[in-house]
Each structure stands twice: as C-alpha cells, then as structure tokens.
Amino acid sequence: MSSNKDGIMLILSSPSGAGKTTLVKLLSKKKNFHISVSHTTRKPRINEVQDQDYHFINNEEFEDLIKKNEFLEYAKVFNHLYGTTKTPVINNLKNGKNVIFDIDWQGTEQIKNKNLQYKLITFFVLPPSKEVLFDRLSNRDMKDKLIVEERMQQFEKDILHWKNYDYVVINDNLQNCFNQICDLIDSATNNSKNQYDKKLILNHVEKLTS
Ligand code: 5GP
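Set out below in structure tokens:
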C-alpha cells in the first residue's frame, strides 16, 4: 500500500525538440523533483555529462542490465537503447522523494502497466507548431540535417500517443507551460478541480498533424 509519505512519480514525454528536458530541469529545481537518470547506448552530445544527463553505456552493458532484470522499463528510440533502472527510483520513492522521468511513450506504457503502489501522473508536452519544432531541432543538431529530418518524421508517429497521458500541455512559453504543469500536479495530488482544457488540446493536435 502507498503511504502519504511516499514520493510520487511524474512522467514527461514529448516528441523530440518540444522543450521537455528544460521543463524537467525546472521542475527538479523549483519543485524539488529528483530526476531519474536513464541509461543509454547513444553517444553523449557535446554539452552532456556522464552520470548527470545519462549513464552512457555500450550495448553489451545494456544487454547485461536487461538480463539481470534491472530495468523498470526500457525501449529502443531512434536506434538506441534507453532504460530506467529500478533501484534508485524505488529507493527515492520509499524515502518520500518525488521522481521525474524524461522517457518516451513506450517506457510510459511499461511503467503504467507495472501498477506500482506509488502515485503516477503523466504529461505529454507538445510544441506550439511544426515550424518551431523544426527550428529547435535544427539549432540543436545543426550539423546533421539527417537527424533533424529523422526526428521530424518520428514526430508524426510520437504525437499519436498523446491520448494515453493524463495531461497534454503546449510548450509555447516556457514559464506558462511550467506554471500549468505545477497547477495540474497540485490539483492531481489534492484531488481538486483543475482548468485543463481538453478541447484546446484536441484542436492543437489536429493542427500539428494536418
Ligand atoms: P535524447 O536522445 O534526445 O536525449 O532522447 C530521445 C528520446 O528518448 C526522448 O524522447 C527521451 O524522452 C527518451 N528517453 C530518454 N531516456 C529514456 C528512458 O530511460 N526510457 C525510455 N523509454 N525513453 C527514454
């Protein structure tokens, strides 16, 4: 049974480039969420730090963790393996710390299906438009046009999973989006009413997919 002292789990997913990583960092700083650091077989980007942004490991090491049943969830994303190990997450939750996950829809489904005893709130973050997404991805991976194209194509597939999340938010302004997420977390944890506008989201998704 979950107790009031247990931490809660917060998942943020989004198509690549919607600004989710910045939101995760803000939530960690301002709302005291502990960030779950994933393992990945992807190579570090220039500004990424080992064991801070990811635990960067090779395929063999990843397969070994799978064999040892260490993962709470894992998935293949853009041809690389990504996964969340169980032990640090469960230890933090048991010690009353809230944990935030920056994972994709496949990992979210796996965690939902585990029906853990801890409260779980899931968010899907959308970009304001396809043009903004393209600009954000181009600025990040300027050198590699192929990566940008691949991620724009993946966007079309990823966005279809928005329906499986508790809340969908539009990241058109970082501070507004952050405030909205905080309000929704507060109302979800207090079981109080919120201002969530599903119709607005539906219209926005239609615009992004048309
Ligand atoms: P990136 O390579 O841009 O850091 O991440 C690519 C995608 O992998 C993002 O959508 C991110 O949320 C997802 N991701 C990162 N870590 C994990 C993880 O541990 N598990 C799963 N399922 N997805 C992850």
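In our numbering, the protein residues as written are 1 to 210.
In this text, a Cβ means the ideal position worked out from N, Cα and C, and glycines have one as well.
Item: So the candidates are K199, M152, K157, Q50; which of them puts its Cα closest to the Cα of I170?; Value: K199
Item: Given V89, which residues of its chain have a CB within under 7 Å of its CB, disregarding the five upstream and five downstream residues?; Value: S36, L72, V99
Item: Quick check: does the Cβ of I100 come within less than 6 Å of any heavy atom belonging to the ligand 5GP?; Value: no
Item: Grouping DSSP H, G and I as helix and E and B as strand, with all else coil, what is L116?; Value: coil
Item: For a test of your reading of the model: does the CB of T87 fall under 6 Å from any non-hydrogen atom of the ligand FAD? Yes or no.; Value: Inclusion of the ligand FAD in the displayed structure is not the case, the ligand content consisting of the ligand 5GP alone.
Item: Give the secondary structure of K76 by DSSP, where H, G and I count as helix, E and B as strand, and everything else as coil.; Value: strand
Item: Among the residues of its own chain, which have a CB less than 8 Å from the CB of D109, if the five just before and after it don't count?; Value: The sequence given here has Glu at residue 109, not Asp. Counting only Cβ-Cβ distances below 8 Å, and skipping sequence neighbours, we find N164.
Item: CA-CA distance, H161 and W105?; Value: 7 Å
Item: Taking G213 as the reference, which of L137, K130, V49 has the closest Cα?; Value: Outside the displayed span of the chain (1 to 210) sits residue 213, for which this structure offers no information.
Item: Count the other C-beta atoms from every protein chain shown that fall within 10 angstroms of the C-beta of G96, then say buried if there are 16 or more, exposed otherwise.; Value: exposed
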